[in-house]
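The opening residue of the sequence shown carries number 135 in our numbering; numbering runs sequentially from there. Here the structure comes first, spelled out in structure tokens, and everything after it is commentary.
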Amino acid sequence: SDAYQELFGEGIYAGKGIYDVAGFERSLEGRVPENALLSHDLFEGIQGRAGLVSEVVLYEDYPPAYLAHAHRMHRWTRGDWQLLPWLFPRVPLADGTSRRNNLKLLNRWKLFDNLRRSLVTPSISALLLAGWTMLPGDPWVWTLVGVLAPATSLIGAFLAGIAGRILGQRRMFARQSLRTDTKRWLLGLSFLLYEALILVDAALSTLHRLFVTRRRLLQWTTSAHTLRLFRREGRVGLVWRHMWSASLITLMLGMAVAYFRPDALLTALPLLVGWLISPYVALSIGKELVPKKVELTDDENRALRCLARRTWLYFERFMGPEDRWLPPDHFQEQPRGLVAHRVSPTNIGLGLLSALSAYDLGYIGPMNLSLRLRASFATIGQMEKHRGHLLNWYDTRSLAPLPPRYISSVDSGNLAGCLVALARGCTELPHAPILRHEQWQGVVDTLCVLDETVEEIEAPGLSSELRSWRSFFDEVKRRAPSPESDPSSGVPFLNWLSGEAWDEAERLLRALIEAASERLDAETLGNLLVWSDRARLHIQSVRDEMDLLLPWIRAMRDMPVLLAGADRDSRLSETWDYLGVLATVGVSLATHGHVCRQGQTAISEIVAILNEQSDPDESMEEALAWCTSLTTDIESARMAAEVLVFSCRDLAAQADRLVREMDFRFLYDARTRLFHIGYNLDAGRLDPYYYDLMASEARIASLVAIAKGDVPQRHWLKLARPLTQVGRTRALLSWNGSMFEYLMPRLLINSYEGTLLDQSMAAAVKQQIAYATRRHVPWGISESSYYRFDAAGGYHYRSFGAPGLGLRRGLSDELVIAPYASLIALPVDPRAVLKNVRHLKGLGMLGRYGLYESVDYTPAHVPAGQRYAIARTYMAHHQGMSLVSLANRLQNDTMVRRFHSDLRIQATDLLLHERVSPVVSTESPHAEELRISLKPPASQPVEPWDVDTESPVPQAHLLSNGRYTVVVTGRGSGYSTWNGLALTRWHADATRPDWGTWVYVQDLG
């Protein structure tokens, strides 16, 4: 709080405030001489007053470097001393006269207090110098007084901490705050002498100008200009040029102390050394803070890219016309090979972002992306909505809502967040180069997955075939353009790859398959066929889009002899060279039309020059035909680019419109300031429960709703922030302790270093790794499918979490590891994620579409005799989270950047800068669960099946382990199946119970 406001009902105007402009001007009219005041905020506030609003906080930039701060302090101090005449009995007026000073005592004190504060640092410096040279008593006593004078806040924090420990409030002992205050105090001591010189110079120069010269009173350098002046503060010379005086005077003071009082030199030495090296200290703290990012090796990045390519295949395969270009909820590979033809808003949002991520990584081009998104948005436009919200579940084939019709706050928030990022991505796309390095890298990724599939073949006698393939793939990697090269350098690579190289690849693959045909399992063979087909289609699609949008590249490869010859006349040569330059320019969709028009003009000039020649021959006709064909192709390219630009803008507008139409207000409870879980449309009522935790996936919905203006910012402050201790870090508690709650929002929302959310995410990853290490399993626990089946043969799904992070009981009862839960931790600890992925691959978790859904270690779930069981299914939203997280890692947080480039999100960005409170107590819910180890379930006695063989009602008994199923009836008939495949014939006929397998026992005794 403001002490002046609290005690006297009158605060200090700081230059930004609420006031009546006309009244303000009248109150100041004639009160100040012209060109007399540099800093006038305090004076204007005293004269004109301003209103108070306690619910608004204004944030201003703080100088990023010490010299800029010192320069600003010098300017402010000059302004304060220019108000000195208003402490006298009579004050000057604008007309040159004076009048009696009618300022209240309180206002005079405000002016005087500023002058007093500007003399504190010089006074402490003078006290230290006097104590070391002339004052009576021990020098260390005066030194102690001097160094403790600016440490009042540090001493107060220390005493408060001691009091808290005495009272038993150990968790309220603010160690972090104490460390910060100590660092500030030490920095203040290091800059003490330099700041004293700055303040004395400001005061004396102002007094000289005020009472002697009356010139340069308004010398002023704006903050922005000051920052530009000191932008190169990292250079040693610049710092020394401004701070040399402090070091020089320090040397002189040291010599004076050694001469006048040698016994005080040892006491003064620490401060003298600090003052001497103060320029280096300023240089050190003035360096720009660069966020820490773990740099991965090429092999590690390649592993991530191959996993991303596999994951994109899920959407490439299933997000198609059969499901109206929406991602089906999941594909269950085993048992039964089922596709769940239903979709939720979260699935839709992540499916759309997955397509954009595939473009970022080079797996699809702009035309493919545009067509996919347009088809998806056309479907979304046909789906039933309520207040702009999509319902929670739809049938993907009929688009009928699935009962009950329900609106989920968190699902709507996830979709809205994805649409915000998608809109920005579509807006940026026309400005991206058509030829990108990612295109070539994407092709290499597809071939890398094909290579991994080849390496899976384990058959003796294939060494020569495998060596040939390895030699071919090494050549692919050698020819692939490097990220540092010009994107156009990939054109020869594509020409080679789509021609002789692919013919060679197909020959090698055929040889491999033929040689291993008898020993090749169906799964590996299927993967070989799928990925070889995908590689062929990928190469062809890149070539097709390049030929359509950049037809001159192909034309230049097949140029006519006349134009390619060296005997062209000068005019033709000049025009041709200009056309060649145009062909190598990095063209974007936005600049495409201009380049096309220039190219057509150049071709027209070439045609005119050719027509002027008097001896037409076959080579000239060839050249003219080539020019005509290229002109037509360029026109087609121009039209295609225009359509793409329009499509991108239209897609961005559609995405933004969907976000604007979502009304989050009716899901918000103004009384509790929280979001309801959702709204049941069939029952016409809101869910009675709320999302009330900060560590929740619902914070995307909260941030987007605040950014849209649907709910007030105080909703964010209402979210509960219970803290727990993870090692030496404080972290937010969630309900389930799952990675989904902590890290799913990080796909879009930035985390700033040192903030509450950033530390909580890091602590959650650390806790999950520690818990998994104790259990000797991979890490990554979150909501997922697990190894239990419903009546239809599908996997069950529920939330899991790590003890120590969640408020819910029973988190240690089950142990299910979901690979996506570690992949979304890539922003936190990429090396730990890579190590975990290798562990998961070793367990057999890598499938055709990426990593399987989960590996279940719960003894009660897995078949007898096994330590774990794999849920061989792929969930659309988990696949989407994995792909977006991989793309963020490989493309420098591109989705996060897009999300935060939205102006509405930028306006709420300050909410994300919340720091960890050092004075809030922590809690450890269900700490005993951290010590509980999973035990196999107690064996249950097998109860005999007693059946009445003469019962008129047929009775049956079913036995199954999830794969093999046996049904036995009371009459002895029955059947067997394996993964849904009938092993025996069966008819459900109660009158003829003779179907099944019969064993006859005959007593021959």
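Ideal Cβ placement from N, Cα and C applies to all residues, glycine included.
Given that a residue counts as buried once 16 or more other Cβ atoms are within 10 Å of its Cβ, and exposed if not, what is residue 220? Of the other Cβ atoms in all chains shown, 16 or more fall within 10 Å of the Cβ of residue 220; this residue is therefore buried.
Out of 1026, 720, 274 and 990, which has the shortest C-alpha to C-alpha gap to residue 923? The residue with the shortest Cα to Cα distance from residue 923 is 990.
Identity of the residues DSSP links to residue 950 by a beta bridge: In the DSSP secondary-structure assignment, residue 950 is bridged to 990.
Taking residue 379 as the reference, give the member of 143, 258, 857 and 413 with the closest Cα. Comparing Cα positions, the closest option is 413.
Of all the options 1057, 804 and 440, which has the alpha carbon lying nearest to the alpha carbon of residue 983? Comparing Cα positions, the closest option is 440.
Helix, strand or coil at residue 141 [DSSP, three-state]: Here residue 141 sits in helix by DSSP.
Same chain, Cβ closer than 7 Å to residue 603, five either side skipped, listed in chain order: Result list for residue 603: 588, 642 and 646, in chain order.
Quick check for students: name the residue ranges of the beta strand (DSSP E) that lie wholly in the region 150 to 233, counting only runs of 3 or more. Within the region 150 to 233, the runs of beta strand (DSSP E) at least 3 residues long that lie entirely inside it are, in chain order, 224 to 226.
For residue 449, the first and last residue of its enclosing alpha helix (DSSP H): 432 to 452 is the span of the alpha helix (DSSP H), which, as asked, contains residue 449.
Less than 6 Å between C-beta atoms, sequence neighbours within five positions excluded: which residues of the same chain meet that for residue 621? These residues qualify, in order along the chain: 569, 570 and 571.
Is it the case that the region 1041 to 1057 contacts the region 919 to 935, given that we only count it when at least three CB pairs across the two stretches are under 8 Å? Proximity of the region 919 to 935 to the region 1041 to 1057 falls short of the contact definition, fewer than three beta-carbon pairs being nearer than 8 Å.
Is residue 354 buried or exposed, if buried means 16 or more other CB atoms sit within 10 Å of its CB? Residue 354 comes out exposed.
Where does residue 836 sit, in a helix, a strand or coil, going by DSSP? The answer is helix: DSSP assigns residue 836 an H, G or I state.
Residue 985 - DSSP class collapsed to helix/strand/coil: Secondary structure at residue 985: strand, using DSSP grouped into helix, strand and coil.
To the nearest angstrom, report how far apart residue 669 and residue 919 are at their CA atoms. Those two C-alpha atoms are separated by around 31 Å.
Report the rounded CA-to-CA distance for residue 249 versus residue 415, giving the unit in angstroms. If you take the alpha carbons of residue 249 and residue 415, they lie about 28 Å apart.
Reduced DSSP category for residue 738 - H, G, I as helix; E, B as strand; rest coil: Residue 738: helix per DSSP, three-state reduction.
Kindly indicate the opening and closing residues of the alpha helix (DSSP H) around residue 660. Under the DSSP assignment, residue 660 falls in the alpha helix (DSSP H) whose first and last residues are 656 to 683.
Length of the line joining the Cα atoms of residue 472 and residue 1022: Note on geometry: alpha-carbon atoms of residue 472 and residue 1022 lie some 30 Å from one another.
Indicate the three-state DSSP secondary structure (helix, strand or coil) for residue 927 in the structure shown. The answer is coil: DSSP assigns residue 927 none of H, G, I, E or B.
Delimiting residues of the alpha helix (DSSP H) encompassing residue 876: Per DSSP, the continuous alpha helix (DSSP H) segment holding residue 876 begins and ends at 873 to 877.
Using 8 Å as the threshold, is the region 820 to 834 in touch with the region 854 to 872, meaning 3 or more CB pairs across them? With the cut-off at 8 Å, the region 820 to 834 and the region 854 to 872 touch.
Would you kindly check if the distance between the Cβ of residue 484 and the Cβ of residue 552 is under 8 Å? Their beta carbons are under 8 Å apart, which means residue 552 touches residue 484 by this criterion.
Hey, how far is the Cα of residue 503 from the Cα of residue 740? Residue 503 and residue 740 have their C-alpha atoms spaced approximately 36 Å apart.
Using DSSP with H/G/I as helix, E/B as strand and the rest coil, what is residue 620? DSSP places residue 620 in coil when its eight states are reduced to three.
By the three-class DSSP mapping on this structure, what secondary structure does residue 296 have? DSSP places residue 296 in the helix class (H, G or I) of the three-state scheme.
Report yes if the CB atom of residue 873 is closer than 8 Å to the CB atom of residue 893, and no otherwise. It is not a contact, given that the beta carbons lie outside the stated cut-off.
Do residue 567 and residue 779 come within 8 Å of each other at the CB atom, strictly closer than that value? No, they are not a contact pair.
Cα-Cα separation, residue 496 to residue 577: Answer to the nearest angstrom: the Cα atoms are 7 Å apart.
Can you tell me the Cβ-Cβ gap for residue 675 and residue 454, rounded? I've got them flagged as a contact below 8 Å. About 15 Å; that fails the 8 Å criterion.
Applying the 10 Å Cβ sphere with the 16-neighbour rule, what's the burial state of residue 244? Result: buried.
Looking only at DSSP bridge pairs, what is residue 803 linked to? Residue 803 pairs with 808.
May I have the straight-line CA-CA distance separating residue 868 from residue 832, to the nearest angstrom? Their Cα atoms are separated by approximately 11 Å.
Same chain, Cβ closer than 7 Å to residue 897, neighbours up to 5 away in sequence not counted: Excluding residues within five positions, the ones whose Cβ falls inside 7 Å are 860, 863 and 865.
Once DSSP output is grouped into helix, strand and coil, what is the label at residue 1001? DSSP places residue 1001 in the coil class of the three-state scheme, outside both helix and strand.
CB contact flag (residue 606, residue 586, <8 Å): Not a contact, by the Cβ cut-off of 8 Å.
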